[in-house]
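For what it's worth, the numbering used here labels the leading residue of the sequence shown as 3, then goes sequentially. Glycine residues also receive a C-beta, built at the ideal position from the N, C-alpha and C atoms. First comes the structure, then the notes that go with it.
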Amino acid sequence: MALIAANLVTLVALVFAYPHLMVSPGALMPAHAALATDCFACHAPLHGAAPARCLAC
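Below you can see the structure in the form of structure tokens.
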């Protein structure tokens, strides 16, 4: 039980320390670099990237 609790505490600490690494698969290509700080320009909450938002850009 202590091992599970320790792992959970570690996971929560990592989520707060490095939130961008928990959701970003890697660096954006240069053409999309301006969107690096605006995830919702392309992504819809709980649905991933929306093709309509790509076309609008």
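Roughly how many angstroms separate the alpha carbons of residue i and residue j, rounded to a whole number?
i   : j   : result
A46 : A52 : 6 Å
T39 : I6  : 34 Å
L57 : L10 : 40 Å
P27 : P21 : 12 Å
T12 : A35 : 31 Å
A19 : A4  : 22 Å
Checking the sheet assignment: what are the DSSP bridge partners for residue i?
i   : result
A46 : G50
Answer yes or no: do residue i and residue j have a C-beta to C-beta separation smaller than 8 Å?
i   : j   : result
L37 : L30 : yes
V62 : M24 : Residue numbering for the chain in the displayed model covers 3 to 59; residue 62 lies beyond these limits and cannot be assessed.
C44 : R55 : yes
For residue i, which three-state DSSP category applies?
i  : result
M3 : coil
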